[in-house]
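One structure is given here, and the rest of the page talks about it.
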Amino acid sequence: DNAVKAWDIRTFGCLQTFADPVLYYPENTLSALAFDAKRGRIVTAPTHPVVWSMRTHVIASTQQNYSGHTKALVGALYNPNFHQVISADADTVIVWDVNTGEREFNFRVSKYFRDDDDGITAVAFDVAHRRFLTGMRSGQVIIWNYINGQPLKECANPFKAEIPILQHLINERQAFRAVCVASGHNVLVFNDTDMFTKEKLKHSFSYNTRSITALVHCGPSMVAYAIEGGEIILYSVVMNQEQGVLGKFQTLVTVEQLVHVKDSILIAGRSDGVIQVWNIKDRLLLRCWTLKQDIAVCCAAANPQHTHFCAGDDLGVLTMWDISKLSPYLRQLPESLMPVTAEFRAHETSLVSASFLETGNVVLTAGADGICKLFTVEGVYIGAFGQASPW
186 DNAVKAWDIR
196 TFGCLQTFAD
206 PVLYYPENTL
216 SALAFDAKRG
226 RIVTAPTHPV
236 VWSMRTHVIA
246 STQQNYSGHT
256 KALVGALYNP
266 NFHQVISADA
276 DTVIVWDVNT
286 GEREFNFRVS
296 KYFRDDDDGI
306 TAVAFDVAHR
316 RFLTGMRSGQ
326 VIIWNYINGQ
336 PLKECANPFK
346 AEIPILQHLI
356 NERQAFRAVC
366 VASGHNVLVF
376 NDTDMFTKEK
386 LKHSFSYNTR
396 SITALVHCGP
406 SMVAYAIEGG
416 EIILYSVVMN
426 QEQGVLGKFQ
436 TLVTVEQLVH
446 VKDSILIAGR
456 SDGVIQVWNI
466 KDRLLLRCWT
476 LKQDIAVCCA
486 AANPQHTHFC
496 AGDDLGVLTM
506 WDISKLSPYL
516 RQLPESLMPV
526 TAEFRAHETS
536 LVSASFLETG
546 NVVLTAGADG
556 ICKLFTVEGV
566 YIGAFGQASP
576 W
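Shown next as structure tokens:
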């Protein structure tokens, strides 16, 4: 399109665009490009050299006229029904148009806080992607109509401990619909009915007194959750009992992320930079390796097609793997069956969440810098939500 863009590689913001209006013959293309570092100029070569002067003291568009969050994010989620991204910090929820990166709606939740220290600590969608769930520092669980910012119901938590993770579960066979949350060292299960605006606790379970650090739904009625020390507990939501334990207690190690991929494969990311791949049906560790020594894995996700898995760390780096060859019949997992396909710096700060769009080849990231971004699975930057110009 005869346009040249200059980018800030720290913020991935576009600094300046040069659009050449001249129509060149016989081929209307810029066939060569060079940068004159001494004079701060760009030279293009369609049919002859053309010199463009760079502006000085420019601000990346992710910061200039930025219309997004001003606080560290709790998470960002993608809604395939409405093609929207929903991001949340401690007290504000913003709804974005995924096609342009522009803000559509936002609402504040601070009027529902129990005290001045309260705030959002966890976010999720229900299975149908119609309602937005938030967990609070005070132990509250609120289900929202995020289109108008109105609360629909509350799950009454008797334990008052912070909610770091929550999931919405549906078991069609047993007509079971529930909200499952971690609160301290307890897993709490609330019925999700259409009858009440305040749901009472159905039952709770505690493996021991060590706090829960990660939780994921991995079957019609089963969740896997991790506790301090690195152990992973398999728990039946319906029967309210333990189904098995993966791993052994290790001092100063926590599992920060759990991702259930196809069939019985569970991937865990730990605070010491270790990635584990488990077969939960056979209780078998298929592979264990260190991504970066003592650099915590802060977020992880798999795409809906189960062909890509990504993990983000404390340094803001996102690593992508091909998981298309994973199988529940494997007894071990050689590196060749789960190769790294990309690694790139997504944020200047720690990553807090990652998720894939329904196409499977675009990943949504959220950082402690308060910015949500889109990348391709190859690491090509698409844009930041709230940047000055739509992408």
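Residue numbers (my numbering): 186 to 576.
Beta carbons: idealized from backbone N, C-alpha and C, even for Gly.
*Please report how far the alpha carbon of Gly501 lies from the alpha carbon of Ser535, in whole angstroms.*
5 angstroms
*For the beta strand (DSSP E) that contains Tyr263, what are its first and last residues?*
260 to 264
*With distances taken from CA atoms, which of Cys199, Arg362, Ile480 is nearest Val423?*
Arg362
_Using C-beta distances below 7 angstroms, list every residue in its chain close to Ser456, excluding the 5 sequence neighbours before and after it, in chain order._
Val438, Thr439, Glu441, Ala481
*Do you know whose CA, among Ala531, Cys199, Ala453, lies nearest Glu416's CA?*
Ala453
*Which of helix, strand or coil does DSSP assign to Ser368?*
strand
*Report the residue from His493, Gly497, Gly429, Lys433 whose alpha carbon sits nearest the alpha carbon of Lys466.*
Gly429
*Around the C-beta of Asp303, are 16 or more other C-beta atoms found within 10 angstroms, so that it is buried, or is it exposed?*
buried
_Three-state secondary structure (DSSP) of Glu441_ = strand
*asked:* Within the continuous beta strand (DSSP E) that includes Asn330, where are the two ends?
replied: 326 to 330
*asked:* Distance check for Ile460 and Asn425, CA to CA, integer angstroms please.
replied: 28 angstroms
*Using DSSP with H/G/I as helix, E/B as strand and the rest coil, what is Glu347?*
coil
*Using 8 angstroms as the Cβ pair cut-off and three pairs as the minimum, do the stretch 259 to 271 and the stretch 308 to 318 touch?*
yes
*Looking at C-alpha atoms only, which residue of Pro206, His445, Asp282, Gln572 is the closest neighbour of Ile508?*
His445
_Restricting to runs no shorter than 3 residues, where is the beta strand (DSSP E) found entirely within the stretch 368 to 446?_
371 to 376, 386 to 390, 397 to 402, 407 to 412, 417 to 421, 426 to 431, 440 to 445
*Where the beta strand (DSSP E) through Met588 begins and ends*: Nothing can be reported for residue 588: it is not among the residues displayed for the chain, which extend from 186 to 576.
*Which residues mark the beginning and the end of the beta strand (DSSP E) in which His493 is found?*
493 to 498
*Express the C-alpha separation of Ile332 and Asn342 in angstroms, rounding to a whole number.*
25 angstroms
*Please state if the CB of Thr504 and the CB of His476 are separated by a distance shorter than 8 angstroms.*
Note that residue 476 is Leu in the sequence shown here, rather than His. Closer than 8 angstroms, so yes.
*Proximity to Gly369 [Cα-Cα], best of Lys383, Val547, Thr394*: Thr394
*With distances taken from CA atoms, which of Ala219, Tyr251, Gly253 is nearest Trp237?*
Ala219
*Return the CA-CA distance between Arg226 and Val548, expressed in angstroms with no decimal places.*
34 angstroms
*Would you check if the distance between the CB atom of Asn371 and the CB atom of Lys387 is smaller than 8 angstroms?*
no
*Would you report the Cα separation of Arg224 and Pro234, rounded to the nearest angstrom?*
16 angstroms
_beta strand (DSSP E) runs wholly inside the stretch 528 to 572, at least 3 long, in chain order_ = 536 to 541, 547 to 552, 557 to 561, 566 to 569
*Would you call Tyr410 buried or exposed, if buried means 16 or more other Cβ atoms sit within 10 Å of its Cβ?*
buried
_Using the three-state DSSP reduction, which class does Ser136 fall into: helix, strand or coil?_
Absent from the model: residue 136. The displayed extent of the chain is 186 to 576, so no value can be given.
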